[in-house]
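Below is one structure, written out as structure tokens; comments come after it.
2 protein chains.
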Amino acid sequence: MTSQRRDTRTVTVGAVTIGGGAPVAVQSMTNTDTRDADATLAQIARLADAGCEIVRVAIPHADALEGFSAVCAGSSLPVVADIHFDHRLAIEAARRGAAKLRVNPGNIGPLERFDAVLEAAAEASIPVRIGVNAGSLSSEYEGKDWPLADKLVASAAAFCQHAEERGFRDIVVSAKASSVNITVEAYRMLAESVPYPLHLGVTEAGTIRGGTVKSAAGLGILLSEGIGDTMRVSLTADPVEEVRVCWDLLAALDLRRRGPEIVSCPTCGRCEVDLIPIAEEIERRLSGSRAPLKIAVMGCVVNGPGEARDADIGVAAGKGVGLIFAKGEVVRKVPEAEIVDALMAEIAKL
Amino acid sequence: MTSQRRDTRTVTVGAVTIGGGAPVAVQSMTNTDTRDADATLAQIARLADAGCEIVRVAIPHADALEGFSAVCAGSSLPVVADIHFDHRLAIEAARRGAAKLRVNPGNIGPLERFDAVLEAAAEASIPVRIGVNAGSLSSEYEGKDWPLADKLVASAAAFCQHAEERGFRDIVVSAKASSVNITVEAYRMLAESVPYPLHLGVTEAGTIRGGTVKSAAGLGILLSEGIGDTMRVSLTADPVEEVRVCWDLLAALDLRRRGPEIVSCPTCGRCEVDLIPIAEEIERRLSGSRAPLKIAVMGCVVNGPGEARDADIGVAAGKGVGLIFAKGEVVRKVPEAEIVDALMAEIAKL
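Protein chains in written order, with this note's numbering: chain A, 1 to 350; chain B, 1001 to 1350.
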């Protein structure tokens, strides 16, 4: 069902390719103080464990540059320097090992400053993300009486053209809003108007439940249309959660998979075992697994045997018991208390 | 951005209209034992508080019918009887106050039994959902060498036609799979092939995080195309969570709103206050509110003032302080510890 991926130019961020049909790359951002390189590196290690492929680090002021050097030197993931307002920080970050720069050319002052950033990126052979946000539009566009999506896209496209005229094409583009509809509209227009890979995100998406819903809906719509080459899910939460949601979404759309898929039924009045803790416990025990298995955890006989047969491993529960399925066949019948262990034992065999 | 809603026939479920451009109705399903009417009614009250508009109750066996009568009599929400395998339970439920029946005609045996269900529904003047699931396809279609989405749609459309030929058109249709892509494909085809309102859902979506992502992506894609008249988010979790996710998704797509929208930034190395607990606490304190306000909770000066100005009430934090915005103007500057109370005080003024 998912559309063919949009064709784009490619850029490389460390060892990761973005665009040109490469797998959609998963990003997140540290929320430690960049001056504290040890804390930042520890968080990067947790993000990498969860499946993060590119990590972004804010450099809010010159005091953060020394920490940033240490982070680049010690990180297992390519590090993107995120800079606002002061273009000199971007130039310095390029010299200190950034694998990519993220700037909003609209908030660093006269365009000559953007030119200096592009020069530094070209010298370091790293790409630049031109990242326009609804909350920080350039003054040239902010006042216009246009729909917000048009302002975002016009602003991003103008900066791309400015860079091209200076011979710089190592570009990733983003144009985010906190509204799902405006974000989707902006990215659809962007996909038509620039040849560069797109970084997807809904800004300020919110807390863990609301932000997950907004991001999954907005990014889901775009990814299903073949739009998007790298993504970040923004949550007001531990950034590890952002990475998990990215992977859940890529798996949901059959774009990429990292670890098992758990298909489990909503409980209802037919359920004769206590299914929620069983499903949660299986999810917990499998959280470190990278095996691309489909596991069905089903509470009754309505859809249970059908889904369990279709999965690699499954359980269809009856009154206080579970029928364990492996590759479509019933292999065991166990009491409720042994369902989790029996499923895990069958999974271990695969 | 969201497409015009697809035009459909309408049905009424108690006082709720489904289809024909009516607001997308929010559903959930009880997971109590239906025989325990008090527990079921208590859960329905919690679901109604959270914004559930139609509630579904399983009737797995004749023992549940007495409880079902009491539930229908005591429920503030219209109650849908969910029946598999035994069509006599559906007939009896129609007589006992069900506001709608949900059956999968493929799993109740010969079609004469479906006819008897339609007759009982017509007599009670209630609609029937023809609900086909990938995990419980009728034998006629299960064995066919077709894509699963085609089997689901062909099966649902054939049952609709069967009902029409008997003069019954008070129909809602669903065709769910546990795969997002197959579900989306099936509903797009269904929207082209039947004139009835559609009940959206991804079956067995999974645990709270994975299930939220799958449902928000799948239902988000469909709703953004104007497809879908009522919805249930299936989660292996407390059904109240299902209702919350429904509302978050409808709000994210600007289709419906129930209570405040919180726009909050992901934290990053620029954040100089402890933002996660502030955003969580504001979400918690506003969880009972129905005011359609936009609240921005922003950690720094990059997007903070822009988003906070754009919201009804907002805070843009600096080092240990917060600037409180109301309707685009700064109204107060408070220390970090007072941000939540100051925001709540401004919200109370509106």
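Note that the Cβ used here is the ideal one computed from N, Cα and C, for glycine as well.
Cross-chain neighbours of K214/A in chain B, by beta carbon under 7 Å: Within chain B, A1252 have C-beta atoms less than 7 Å from the C-beta of K214/A, given in sequence order.
Beta-carbon spacing of Q27/A, I44/A below 8 Å: Cβ distance not < 8 Å, so Q27/A and I44/A don't count as in contact.
Beta-carbon contacts of S1178/B that lie in its chain and below 6 Å, excluding the five residues immediately before and after: Within the same chain, T1203, E1204 come within 6 Å of S1178/B by CB-CB distance, once the 5 residues on both sides are set aside.
Exposure label - A1191/B; buried when at least 16 CB within 10 Å: A1191/B should be labelled buried.
T1017/B versus V79/A - alpha carbon distance: Whole-angstrom Cα-Cα distance: 52 Å.
Range of the contiguous beta strand (DSSP E) that encloses Q1027/B: That run of the beta strand (DSSP E) goes 1025–1029.
Under 7 Å from the C-beta of H1084/B: neighbouring residues of chain A: Result: V302.
L198/A, buried or exposed, once every other Cβ within 10 Å from all chains shown has been counted against 16: By the neighbour-count criterion, in which a residue is buried when 16 or more other Cβ atoms sit within 10 angstroms of its Cβ, L198/A is buried.
Amino acids of chain B, ordered along the chain, whose beta-carbon sits closer than 7 Å to that of G276/A: The sequence given here has Ile at residue 276/A, not Gly. Here the neighbours are T1236, A1237.
Three-way DSSP call (helix, strand, coil) for I208/A in this model: Note: I208/A maps to helix in three-state DSSP.
E1192/B, DSSP secondary structure in three states: Note: E1192/B maps to helix in three-state DSSP.
Three-pair Cβ contact test at 8 Å for the stretch 1032–1043 of chain B versus the stretch 1247–1258 of chain B: With a cut-off of 8 Å, the stretch 1247–1258 of chain B and the stretch 1032–1043 of chain B do not count as touching, because too few Cβ pairs lie within range.
Collapsed DSSP secondary structure at V1132/B in the structure displayed: Correct three-state label for V1132/B: strand.
Partner residues on chain B for P60/A, Cβ-Cβ distance less than 7 Å: Those within 7 Å of P60/A in chain B are G1269, R1270.
Chain E contact residues for V55/A, given Cβ-Cβ distances below 9 Å: The chain inventory of the structure shown lacks chain E, comprising the protein chains A and B.
Residue of E165/A, V334/A, P195/A, G206/A minimising C-alpha distance to S234/A: Ranking E165/A, V334/A, P195/A, G206/A by Cα distance to S234/A puts G206/A first.
Sequence-distant residues of its chain with Cβ nearer than 6 Å to V6/A (five each side left out): One detail in the question is off: residue 6/A reads as Arg in this sequence, not Val. Correct list, in chain order: A191, G226, I227.
Beta-carbon gap between L293/A and L350/A smaller than 8 Å: The answer is yes: Cβ separation under 8 Å.
Residue range of the unbroken beta strand (DSSP E) whose run includes K100/A: Here the beta strand (DSSP E) through K100/A covers 100–103.
Separation of A342/A from G135/A, as counted between CA atoms: Approximately 52 Å, taken between the alpha carbons.
Coarse secondary structure for S1174/B, derived from DSSP in three states: Reduced to three states, the DSSP call for S1174/B is strand.
Per-residue contacts from A1217/B into chain A (C-beta, under 7 Å): Counting only Cβ-Cβ distances below 7 Å, A1217/B has contacts in chain A at A216, A217, G220, L249, A252, L253, in chain order.
Burial state of P1105/B (16 or more Cβ within 10 Å): Buried.
Residues near A50/A by beta carbon distance below 7 Å, same chain, minus five either side: Excluding residues within five positions, the ones whose Cβ falls inside 7 Å are V240, V243, R244.
Check whether A1048/B and S1076/B have beta carbons under 8 Å apart: Yes, the pair counts as a contact, with Cβ atoms nearer than the cut-off.
Residues that D1051/B contacts on chain A, provided the C-beta gap is smaller than 9 Å: Reading off the sequence shown, one finds Gly at residue 1051/B, where the question assumed Asp. None at all; the shortest Cβ gap to chain A is about 14 Å.
Pairwise C-alpha distance: V1180/B and G314/A: Each residue's Cα considered, the two are about 19 Å apart.
Own chain residues within Cβ distance below 6 Å of M1001/B, not counting five before or after: For M1001/B, the predicted model reports a pLDDT of 48, less than 50, meaning its position is unreliable; a value from the coordinates is still stated below. None.
N-terminal and C-terminal residue of the beta strand (DSSP E) that F1325/B is part of: For F1325/B, the uninterrupted beta strand (DSSP E) run begins and ends at 1321–1326, by DSSP.
Cβ-Cβ separation, I1083/B to R1102/B (assumed contact under 8 Å), whole Å: Correct: roughly 7 Å between the Cβ atoms.
Coil, strand or helix - D150/A by DSSP: Correct three-state label for D150/A: helix.
CB contact flag (I182/A, L148/A, <8 Å): Taking 8 Å as the Cβ cut-off, I182/A and L148/A qualify as a contacting pair.
Neighbour-count burial assignment, S1289/B, 16 or more Cβ in a 10 Å radius: Result: exposed.
Chain A contact for E1307/B (CB, 8 Å cutoff): The beta carbon of E1307/B falls within 8 Å of a beta carbon belonging to chain A, placing the residue at that interface.
Closer than 9 Å at the beta carbon, the chain B residues around E280/A: The answer, in chain order, is T1207, I1208, T1236, A1237.
Continuous alpha helix (DSSP H) stretch holding E123/A: start and end: From DSSP, the alpha helix (DSSP H) with E123/A extends over 111–124.
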